[in-house]
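Okay, so here's the structure we're looking at.
Protein chains: 4
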Amino acid sequence: MGGDAAVIRAARICYQSTARSPEADVRLLRRLMSSEPRHNTVFEHAVFRFFVKCPLFVARQWMRHRICTFNEKSLRYCIADREYYVPQGLANTEAYVCHMEASFDLYEQLLAAGWKREQARGVLGTSAYTEFIWTVNAWSLMNWLQKRLDPAAQWEHRQYAEAVLGIYREVMPVTATAFEELVLKR
Amino acid sequence: MGGDAAVIRAARICYQSTARSPEADVRLLRRLMSSEPRHNTVFEHAVFRFFVKCPLFVARQWMRHRICTFNEKSLRYCIADREYYVPQGLANTEAYVCHMEASFDLYEQLLAAGWKREQARGVLGTSAYTEFIWTVNAWSLMNWLQKRLDPAAQWEHRQYAEAVLGIYREVMPVTATAFEELVLKR
Amino acid sequence: MGGDAAVIRAARICYQSTARSPEADVRLLRRLMSSEPRHNTVFEHAVFRFFVKCPLFVARQWMRHRICTFNEKSLRYCIADREYYVPQGLANTEAYVCHMEASFDLYEQLLAAGWKREQARGVLGTSAYTEFIWTVNAWSLMNWLQKRLDPAAQWEHRQYAEAVLGIYREVMPVTATAFEELVLKR
Amino acid sequence: MGGDAAVIRAARICYQSTARSPEADVRLLRRLMSSEPRHNTVFEHAVFRFFVKCPLFVARQWMRHRICTFNEKSLRYCIADREYYVPQGLANTEAYVCHMEASFDLYEQLLAAGWKREQARGVLGTSAYTEFIWTVNAWSLMNWLQKRLDPAAQWEHRQYAEAVLGIYREVMPVTATAFEELVLKR
Chain A
1 MGGDAAVIRA ARICYQSTAR SPEADVRLLR RLMSSEPRHN TVFEHAVFRF
51 FVKCPLFVAR QWMRHRICTF NEKSLRYCIA DREYYVPQGL ANTEAYVCHM
101 EASFDLYEQL LAAGWKREQA RGVLGTSAYT EFIWTVNAWS LMNWLQKRLD
151 PAAQWEHRQY AEAVLGIYRE VMPVTATAFE ELVLKR
Chain B
1001 MGGDAAVIRA ARICYQSTAR SPEADVRLLR RLMSSEPRHN TVFEHAVFRF
1051 FVKCPLFVAR QWMRHRICTF NEKSLRYCIA DREYYVPQGL ANTEAYVCHM
1101 EASFDLYEQL LAAGWKREQA RGVLGTSAYT EFIWTVNAWS LMNWLQKRLD
1151 PAAQWEHRQY AEAVLGIYRE VMPVTATAFE ELVLKR
Chain C
2001 MGGDAAVIRA ARICYQSTAR SPEADVRLLR RLMSSEPRHN TVFEHAVFRF
2051 FVKCPLFVAR QWMRHRICTF NEKSLRYCIA DREYYVPQGL ANTEAYVCHM
2101 EASFDLYEQL LAAGWKREQA RGVLGTSAYT EFIWTVNAWS LMNWLQKRLD
2151 PAAQWEHRQY AEAVLGIYRE VMPVTATAFE ELVLKR
Chain D
3001 MGGDAAVIRA ARICYQSTAR SPEADVRLLR RLMSSEPRHN TVFEHAVFRF
3051 FVKCPLFVAR QWMRHRICTF NEKSLRYCIA DREYYVPQGL ANTEAYVCHM
3101 EASFDLYEQL LAAGWKREQA RGVLGTSAYT EFIWTVNAWS LMNWLQKRLD
3151 PAAQWEHRQY AEAVLGIYRE VMPVTATAFE ELVLKR
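Residue numbers (this note's numbering), protein chains in the order written: chain A, 1 to 186; chain B, 1001 to 1186; chain C, 2001 to 2186; chain D, 3001 to 3186.
The following block contains the structure:
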């Protein structure tokens, strides 16, 4: 919702200014992005909604971000699908896969034996996949991107951040370009 | 952004359920609205953006709400327009209008004498009009509506809340109707 | 930080009133608790800090609450302790324990084989224990309590909520009693 | 609440590390402050409560900050005190004072004529003083300080920020020093 235009319109209401040209808008946006301390509110008028499927251990990091909304598939109400993440190019992945399969086998046995779904899920490893809807404004999105694109972030999470950055570039080209050049300094 | 459909979709991901009929969607939404404790996150996926013009004393109350974004016309950078709110049907409105005019006269004098805009504005009463853009999700909007439609809220603020409720009804008819019947109990 | 006194002081600044007696303070606090729409900000001036140890599946629900701060033991940097939750009074707990032990065995093997901690943790079930520090204001605490004391909440999470309610009663007796009687209706 | 110790403790739980010396704690805290992207949550476990008296136009800027709690003297319920801010060293301050006095005279007349307090306040300029209690965590406090100590911030607001920085230094000397050197670069 909103895109570059929402950010520019929010900035212009503060000064009651009007754009003389698209170039003036780009310059305004770059000034907002690079000013220190930063102007966060103008970027909050653009809002995104994503559907995400990722391993639990990635979702756990993701949901530490608080200025946004999540609704996740609940394993209290749903039965877990037999889907889990397998790291590539490592030794012992056979033992890993074998164990994950065994954990889903046990999960199903426990359910069959009358365990509640919310208790039986305790045996499923955090490489199991989950799904959620994420609604987030552009300011909070950039905060997440900055943290999760960082070389110190977990590799698996970084792959999601790169994909989201690609979408950001398509939907809000002016803001995303300014962000990459002036904040990420890529 | 989103509307009723975004709320329903977010709720359905939790249970991985699919709607069998529009009536089932309405029933789900009414259950979410009336459950205690309430399910707030599903309503946060629908987002609104409003342009508002109101007296400063209304804006001051409005901006106490924190789960939303405001960008306001700045009297540090802009010159205030000679526009102010006059309560109707009261004695002494002549003295009131006369004083407000005098305050704008003085404001202009101070500016002419070299005062900064940010300091000269100190003489303008809180009945002067301001303008802002407000981006807010449906959950936070309902919280504001509940507080500002309350008979104990200031009459002037209530008029804005009634107008916003009308827009809410148009844009999200299922959610707004459930809210009015089950929460506001109108 | 703060306790009952901080709530009362914040309420009294709005009205610039002074307490004539402790009974007047109790009455004020009960009125704030029961008024509809509720007065949340006054309760936000009292702040708690907890140290929590719980299964990952409980922590995942807990960290969905956003108006608070968490810092958690990181399995990117630390090695997981061999500690996990075992539900009581159910069939198949032997198979469950056996599987959890196997998952910690595999975890240690993967680490020994050179896997990163952040990837090896993928085999550990969500019944493994984690630890975190939680800082939360009294308003947000009551929101959590209301949701997690609800009969529909997961039993394991409810045990934590009952324990926290006990602490709340000790630290803020007036507010907690008003909350139990007027909101929880216990 | 908390102080430097709360920040250090929160950071150490992530790594399950223990301090070998006070110097190690200082080094840890400086690393947390200077890392990019920054570690905000650890700073949120220390919480401050301030009592503030300032002109309305300063309060309006202050209350745009959202990660904190305000409770303000209400001019719906209280009668405004005849107190207002007068900028120093400017021409025309006599006309300014004269007008502010006239606005309080009119305010009292309108009240005497039966106007509601919430409507009569519309004539009072934004240089009138208000009072509020502000509860804020150290992270959000630093965000406010950074924005309000900036040379581009309004001079009147900056005086409050300098005073708060002084208190911050006294209460959390390690964190405040790291903040001044590494973020404010004073």
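Cβ atoms here follow ideal geometry from the backbone N, Cα and C, with glycine treated the same way.
Please read these numbers as outputs of a predicted model, since none were measured by experiment.
Consult DSSP for residue 1083 of chain B and reduce its assignment to one of helix, strand or coil.
-> Start at 1 with the first residue of the second sequence, and residue 1083 of chain B comes out as number 83. Residue 1083 of chain B: coil per DSSP, three-state reduction.
In chain order, what residues of the segment 17 to 47 of chain A put their CB closer than 7 Å to some CB of chain D?
-> Hits within the stretch, in order: 37.
Name the one or two DSSP bridge partners that residue 2134 of chain C has.
-> Position 134 of the third sequence, counting from 1, holds the residue named residue 2134 of chain C. Note: residue 2134 of chain C is bridge-paired with C:2050, C:2070 in the DSSP secondary-structure output.
Verify the CB distance criterion: does residue 2159 of chain C have a CB-CB separation below 8 Å to chain A?
-> In the third sequence, residue 2159 of chain C corresponds to position 159, counting from 1. Judged by the 8 Å Cβ criterion, residue 2159 of chain C is not in contact with chain A.
Can you tell me whether DSSP reads residue 1129 of chain B as helix, strand or coil?
-> As a position in the second sequence, residue 1129 of chain B is number 129, starting the count at 1. In the structure shown, residue 1129 of chain B adopts extended strand secondary structure according to DSSP, grouped into three states.
Does the distance from the C-beta atom of residue 2149 of chain C to that of residue 2170 of chain C stay below 8 Å?
-> As a working mapping, residue 2149 of chain C is identified with position 149 in the third sequence. As a working mapping, residue 2170 of chain C is identified with position 170 in the third sequence. In this structure, residue 2170 of chain C does not lie closer than 8 Å to residue 2149 of chain C by Cβ.
Is the beta carbon of residue 1032 of chain B less than 8 Å from the beta carbon of residue 1004 of chain B?
-> Taking the first residue of the second sequence as 1, we reach residue 1032 of chain B at position 32. Taking the first residue of the second sequence as 1, we reach residue 1004 of chain B at position 4. The answer is no: Cβ separation not under 8 Å.
Show which residues of chain D have a CB atom less than 8 Å away from the CB atom of residue 147 of chain A.
-> The count along the first sequence starts at 1 and reaches residue 147 of chain A at position 147. Ordered by position in chain D, the residues that pass the 8 Å Cβ test against residue 147 of chain A are 3037.
According to DSSP, residues forming a beta bridge with residue 3022 of chain D | Within the fourth sequence, the letter at position 22 stands for residue 3022 of chain D. DSSP lists no beta-bridge partner residue for residue 3022 of chain D.
Which word fits residue 51 of chain A, buried or exposed, when buried means at least 16 other C-beta atoms lie within 10 angstroms of its C-beta?
-> What you label residue 51 of chain A is simply residue 51 of the first sequence in a count that begins at 1. Exposed is the call here.
Boundaries of the alpha helix (DSSP H) in which residue 3005 of chain D is found, first to last residue = As a first step, residue 3005 of chain D must be located in the fourth sequence, where it is residue number 5. Run containing residue 3005 of chain D: 3003 to 3015, per the alpha helix (DSSP H) assignment.
Bounding residues of the alpha helix (DSSP H) (the contiguous stretch that carries residue 3105 of chain D) = For the purposes of this step, residue 3105 of chain D is identified with residue 105 of the fourth sequence, where counting begins at 1. 3093 to 3112 is the span of the alpha helix (DSSP H), which, as asked, contains residue 3105 of chain D.
So with Cβ pairs under 8 Å, would you call residue 1949 of chain C a contact of chain B?
-> Residue coverage of chain C in this structure runs from 2001 to 2186, which leaves residue 1949 of chain C outside it and unanswerable.
Thinking residue 113 of chain A and residue 2106 of chain C are a contact (beta carbons under 8 Å), I'd like their distance in whole angstroms, please.
-> Stepping through the first sequence from its first residue, residue 113 of chain A is reached at position 113. Stepping through the third sequence from its first residue, residue 2106 of chain C is reached at position 106. About 24 Å; that fails the 8 Å criterion.
Buried versus exposed call for residue 3018 of chain D [16 or more other C-beta atoms within 10 Å across all chains shown] = One-based indexing of the fourth sequence puts residue 3018 of chain D at position 18. It counts as exposed.
Is the distance from the Cβ of residue 2083 of chain C to the Cβ of residue 2129 of chain C below 8 Å?
-> Numbered from 1 along the third sequence, position 83 holds the residue referred to as residue 2083 of chain C. Numbered from 1 along the third sequence, position 129 holds the residue referred to as residue 2129 of chain C. Result yes, Cβ atoms of residue 2083 of chain C and residue 2129 of chain C sit closer than 8 Å.
Are residue 154 of chain A and residue 61 of chain A close, meaning C-beta to C-beta below 8 Å?
-> On the first sequence, residue 154 of chain A is found 154 positions in, with the first residue counted as 1. On the first sequence, residue 61 of chain A is found 61 positions in, with the first residue counted as 1. Taking 8 Å as the cut-off, the Cβ atoms of residue 154 of chain A and residue 61 of chain A count as close.
Run the CB neighbour count on residue 1027 of chain B, radius 10 Å, all protein chains shown included, and call it buried at 16 or more, exposed below.
-> As a working mapping, residue 1027 of chain B is identified with position 27 in the second sequence. By the 10 Å Cβ count, residue 1027 of chain B comes out exposed.
In chain F, which residues lie with their C-beta within 9 Å of the C-beta of residue 126 of chain A?
-> No chain F appears in the structure shown, which is made up of the protein chains A, B, C and D.
Quick one: does residue 142 of chain A have its CB under 8 Å from some CB of chain B?
-> Numbered from its first residue, the first sequence carries residue 142 of chain A at position 142. No, residue 142 of chain A lies away from the interface with chain B (no Cβ there is under 8 Å from its Cβ).
What first and last residue would you give for the alpha helix (DSSP H) that runs through residue 165 of chain A?
-> The residue labelled residue 165 of chain A in the question sits at position 165 within the first sequence. Segment 155 to 171, the alpha helix (DSSP H) holding residue 165 of chain A.
Short check: CB of residue 2093 of chain C to CB of residue 124 of chain A, under 8 Å?
-> As a working note, residue 2093 of chain C is residue 93 in the third sequence. As a working note, residue 124 of chain A is residue 124 in the first sequence. Contact flag unset, no.
Which chain B residues are close to residue 3118 of chain D, counting only those with a beta carbon under 7 Å from its beta carbon?
-> Within the fourth sequence, the letter at position 118 stands for residue 3118 of chain D. Per Cβ cutoff of 7 Å: 1154.
Alpha carbon to alpha carbon, how far is residue 1157 of chain B from residue 3077 of chain D?
-> Taking the first residue of the second sequence as position 1, residue 1157 of chain B is located at position 157. Taking the first residue of the fourth sequence as position 1, residue 3077 of chain D is located at position 77. Here the alpha carbon of residue 1157 of chain B sits roughly 16 Å from the alpha carbon of residue 3077 of chain D.
From B:1002, B:1008, B:1122, B:1081, residue whose alpha carbon lies closest to that of residue 3085 of chain D | Within the fourth sequence, numbered from 1, the residue matching residue 3085 of chain D stands at position 85. It is B:1122 whose Cα lies nearest to the Cα of residue 3085 of chain D.
Considering only residues of the same chain and omitting the five flanking positions on each side of residue 1010 of chain B, which have a CB-CB separation below 6 Å?
-> For the purposes of this step, residue 1010 of chain B is taken as the residue at position 10 of the second sequence. Counting only Cβ-Cβ distances below 6 Å, and skipping sequence neighbours, we find 1042, 1045.
Using DSSP bridges, identify the partner residues of residue 1055 of chain B.
-> Counting from 1 along the second sequence, the entry for residue 1055 of chain B is found at position 55. Answer is B:1129, bridged to residue 1055 of chain B.
Pick from B:1040, B:1012, B:1024, B:1021: whose alpha carbon is nearest that of residue 2147 of chain C?
-> Here residue 2147 of chain C refers to the residue found at position 147 when the third sequence is read from its first residue. With distances taken between Cα atoms, residue 2147 of chain C lies closest to B:1040.
Check the Cβ of residue 3131 of chain D against every Cβ in chain C and list those closer than 9 Å, keeping chain order.
-> Along the fourth sequence, read from residue 1 onward, the residue named residue 3131 of chain D stands at position 131. Correct list: 2013, 2016.
Between residue 1132 of chain B and residue 3008 of chain D, what straight-line distance do the alpha-carbon atoms span, to the nearest angstrom?
-> Position 132 of the second sequence, counting from 1, holds the residue named residue 1132 of chain B. Position 8 of the fourth sequence, counting from 1, holds the residue named residue 3008 of chain D. Computed Cα separation, rounded: 41 Å.
Segment limits, alpha helix (DSSP H) that includes residue 3120 of chain D = If you number the fourth sequence from 1, residue 3120 of chain D lands on position 120. Counting along the chain, the alpha helix (DSSP H) containing residue 3120 of chain D begins and ends at 3117 to 3120.
Step through the CB atoms of chain B and report whether any lies within less than 8 Å of the CB of residue 2 of chain A.
-> Sequence index remark: in the first sequence, residue 2 of chain A carries index 2 (1-based). For residue 2 of chain A, the answer is yes, since a Cβ of chain B falls inside 8 Å of its Cβ.
So what does DSSP say about residue 3063 of chain D, is it helix, strand or coil?
-> Numbered from its first residue, the fourth sequence carries residue 3063 of chain D at position 63. Of the three classes helix, strand and coil, the one that applies to residue 3063 of chain D here is coil, per DSSP.
Does residue 3092 of chain D get closer than 8 Å to chain B when you measure Cβ to Cβ?
-> Taking the fourth sequence and counting its residues from 1, the one referred to as residue 3092 of chain D is at position 92. Yes, residue 3092 of chain D lies at the interface with chain B (some Cβ there is under 8 Å from its Cβ).
Members of the segment 2079 to 2103 of chain C near chain A, C-beta cut-off 8 Å = Cβ contacts with chain A come from 2084, 2085, 2087, 2090, 2091, 2092, 2095, 2096, 2099, 2100, 2102, 2103.
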